[in-house]
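Everything in the sequence shown is counted per the working numbering, starting at 492 for the first residue and increasing by one. C-beta: ideal position from N, C-alpha, C; glycine also. These numbers come from a predicted model, not from an experiment.
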Amino acid sequence: MHASTLNKEQILKELKFKAIRSSGAGGQHVNKVSSKVELSFPLQSSEGLTHTEKERLLLKLDARLNKEGVLILQCDEARSQHKNKQIVIKRFFEVLKKALEVPKKRKATKPSKSSIEKRLKSKKKAAEKKAGRKKPDWD
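This is the structure:
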């Protein structure tokens with residue numbers, strides 16, 4: 492299952508945006524302009540995701556969802572509301588893509604004969620080195 496199966500158009504329709512006044516320094520401008528954008532995505536009720544995709548996202552994004560199962564992302568990096576909206580949408584799809592990635596299964600492999608020999612040889616060498624440091628036994 493790849494992120495390319497996502498129905499981006501449908502998901503974009505389901506996104507809700509809220510413009511809020513940004514916090515922090517910025518003087519008069521920041522106090523009168525709502526440039527911060529908050530994106531909310533109701534994961535459970537989404538029609539742009541398959542059932543298995545929803546299950547995987549619920550599992551992976553559990554910590555990022557609120558009690559209602561809504562994913563909320565915010566952006567107040569730019570001074571422009573439109574730019575912030577673009578950034579937050581891009582970030583949202585990156586979060587979805589990353590959460591839907593299925594990691595490759597690790598295949599257990601045996602160490603090669605040469606690597607085993609090399610390890611044993613180095614162990615022997617170290618043991619001899621340490622044995623050479625001992626005080627001689629005179630009896």
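In the DSSP assignment, V561 falls within the unbroken beta strand (DSSP E) covering 561-566. R547 sits close to L591, with the two beta carbons spaced by under 8 angstroms. Each residue's CA atom was taken as its position, placing Q535 and A554 some 15 angstroms apart.
In this structure, F532 lies near V561, with their beta-carbon atoms less than 8 angstroms apart. Looking from the CA of L540, the closest CA among L552, K499, K551 belongs to K499.
Counting every other CB atom within 10 Å of its CB across the protein chains shown gives E619 a total below 16, marking it as exposed. About 18 angstroms separates the Cβ atoms of A516 and Q572, ruling out a contact at the 8 angstroms cut-off. Annotated three-state conformation of V579 is helix, per DSSP.
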